[in-house]
Amino acid sequence: MVGGCAGAEVAVDAERGRKVFIEREQGHCTRCHAVPGAPEAGNLGPPLHGVGARLTPAEIRVRVADITQVNPDAAMPAFRKVEGLHRVAPAYANKMLLSESQLDDVVAYLATLK
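Mapped onto numbering that gives the first Met the number 0, the consecutive letters of the sequence shown carry residue numbers 0 to 113.
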């Protein structure tokens, strides 16, 4: 898999994806989701134990990138969508929450949760 800038090969890294998933400055997904080994986890979203056994990487990717494609009523933010959003703080307007390579890494990490 590749992510990042056009023409630049970036190796997908599940451990890097785990860090993005857990760290507050990046994805901070554990604010709502529980995963094995996370120091703290919320319960607003579903626990993701075994998600890699239930969903393909492509299915995981669409849910992280824009959950509204699967569940229009979901409270989870769309990490790779900027159009059609309302009441976005000016500092975040027209900015993706995750880069393409970060999304690739998060998907790789979640796919390991079997």
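For every residue, glycine included, the Cβ atom is placed at its ideal position computed from N, Cα and C.
- The Cβ-Cβ distance between V105 and L97 falls below 8 Å.
- A10 and V63 have their C-alpha atoms spaced approximately 19 Å apart.
- G41 and M75 have their C-alpha atoms roughly 13 Å apart.
- For K113, the closest C-alpha among the options V50, E99 and E39 is that of V50.
- DSSP places S98 in the coil class of the three-state scheme, outside both helix and strand.
- A distance below 6 Å between beta-carbons, with the five flanking residues on each side excluded, links C28 to the following residues of its chain, in chain order: F20.
- If you draw a 10 Å sphere on the C-beta of H85, you find fewer than 16 other C-beta atoms in it, and that means exposed.
- Following the DSSP letters along the chain, one finds R30 in no alpha helix (DSSP H), marked with neither H nor E.
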